[in-house]
Structure formats: C-alpha cells, structure tokens
Amino acid sequence: MTAILNASQRRARALAFLVPAALLAGAWAFQLLGHLYPCEMCHWQRWPHYGALALAALSFVAGGARTRATLVAGAAALIAVSGLIGFFHAGVEYHWWQGITACTMTVSGGGRSTDAMLKDLLAAPIVRCDAAQWTLFGVSLAGWNAAVSLIGAAMIGWLLRRRA
1 MTAILNASQR RARALAFLVP AALLAGAWAF QLLGHLYPCE MCHWQRWPHY GALALAALSF
61 VAGGARTRAT LVAGAAALIA VSGLIGFFHA GVEYHWWQGI TACTMTVSGG GRSTDAMLKD
121 LLAAPIVRCD AAQWTLFGVS LAGWNAAVSL IGAAMIGWLL RRRA
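Here the sequence shown stands for residues 1 to 164, where the numbers follow full-length UniProt numbering.
Rendered as structure tokens:
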C-alpha cells in the first residue's frame with residue numbers, strides 16, 4: 001500500500017461507514033417509528049454492524065494507509081458476517097431450515113409489581129424469529145440486510161484491491 005489511500009480505497013472507506021450506518025438507521029427506524037420489534041436473530045445482525053461502524057470510523061482518524069486499509073477490510077468482514085446472519089435468518093423466516101433460537105418478548109420489569117409485569121407479559125406481542133413482520137417485494141428485513149450487506153462487503157473488498 002502507498003502512504004496515502006488511493007481514490008478507490010477512500011470510496012471503500014466511505015462505503016464501509018455508510019453501509020452499516022444506513023442499515024442500523026433503518027433497523028432503528030423500523031423499531032422506533034414502525035413499532036416492529038426485533039427478534040433475537042435481528043439483534044444478532046445488528047452487532048456486527050456496530051463493530052463495522054466503529055472500525056470504519058477509526059479508519060478516518062488512524063495513522064498510516066496500511067492501518068486504515070486494514071480497518072476498512074475488518075469493517076467489510078463484519079458487514080459480511082451480518083449479511084450471513086441475515087441470510088440464515090431469512091432462511092428461517094422462509095422455512096428453508098429450522099432456527100436455533102427461542103423467540104423474544106418486548107416487556108421489561110423496571111421496578112413494578114409482579115402482577116403488573118405478568119399482565120404486561122401476557123399482553124405483549126411475541127416476536128417470532130421464523131415469521132417476517134414486514135416484507136418488500138416478498139423479501140423480509142433479514143433478506144434485505146443479507147443482500148445489502150453481502151453486496152456492500154463485496155464492493156468494499158473490490159474497491160480496496162483496486163489500483164488507482
């Protein structure tokens with residue numbers, strides 16, 4: 001690597017930041033504004049994106065082109081991991097294979113009486129990992145995460161390897 005990132009590598013760095021930022025913003029918007037509560041596997045897909053976002057952000061301030069490129073490559077790898085988890089989750093939703101997790105609930109105790117917690121628990125929606133809450137063109141959110149993450153990671157890798 002040269003002392004300075006070339007234009008393709010700078011694009012890779014920007015993409016490594018934008019892909020997880022956009023996917024996390026979308027996930028949080030669906031949760032907070034659309035009231036689509038994430039299941040356990042949805043949370044699994046978010047964690048690699050948080051890591052990728054941190055590595056990509058560090059790549060803007062780290063010293064040395066090699067260090068920056070390594071951080072961007074690490075971010076791309078984490079984005080791909082999220083995409084693979086999303087692919088697995090989509091397969092569970094489409095019943096291609098069985099999931100490996102129990103469903104989660106959206107109720108917390110927060111210092112209330114057991115009667116109040118039980119009432120809320122019984123009224124809370126169960127978020128199932130094997131049922132898509134929302135689809136676009138027949139593709140669930142997990143499927144969209146898989147597609148965007150895997151394509152984004154591949155593009156970042158290609159841009160990193162490309163010469164100026």
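The beta-carbon is built from N, C-alpha and C at its ideal position, and this holds for glycine as well.
If residue i and residue j are in contact, beta carbons under 8 Å, what's the gap, nearest whole angstrom?
i, j, result
"L15", "M155", "6 Å"
"P20", "I79", "6 Å"
"L36", "F30", "5 Å"
When burial is assigned at 16 or more other CB atoms within 10 Å of the CB, is residue i buried or exposed?
i, result
"R112", "exposed"
"W96", "exposed"
"Q133", "buried"
"F88", "buried"
"M105", "A caution first: M105 carries a pLDDT of 48, below 50, which makes its placement in the model unreliable, though a value can still be read off. Counting Cβ neighbours within 10 Å, M105 comes out exposed, since fewer than 16 surround it."
"Q98", "exposed"
"F137", "exposed"
How far does the alpha helix (DSSP H) with residue i in it extend, from its first residue to its last?
i, result
"R163", "Premise fails: R163 is in no alpha helix (DSSP H) and is neither H nor E."
Indicate whether at least one CB of chain D lies closer than 8 Å to the CB of residue i.
i, result
"M41", "Looking at the structure shown, chain D is missing, and only one protein chain is on hand."
Take residue i as the anchor and find which of the options has the nearest alpha-carbon.
i, options, result
"A90", "G143, G157, I4, A147", "G143"
"G152", "T67, F60, L18", "L18"
Next item on the list: Run through the region 28–110 for me and flag every whole beta strand (DSSP E) of 3 or more residues, listed as ranges in chain order.
Entry: Counting whole runs of 3 or more residues, the region 28–110 contains no beta strand (DSSP E) stretch at all.
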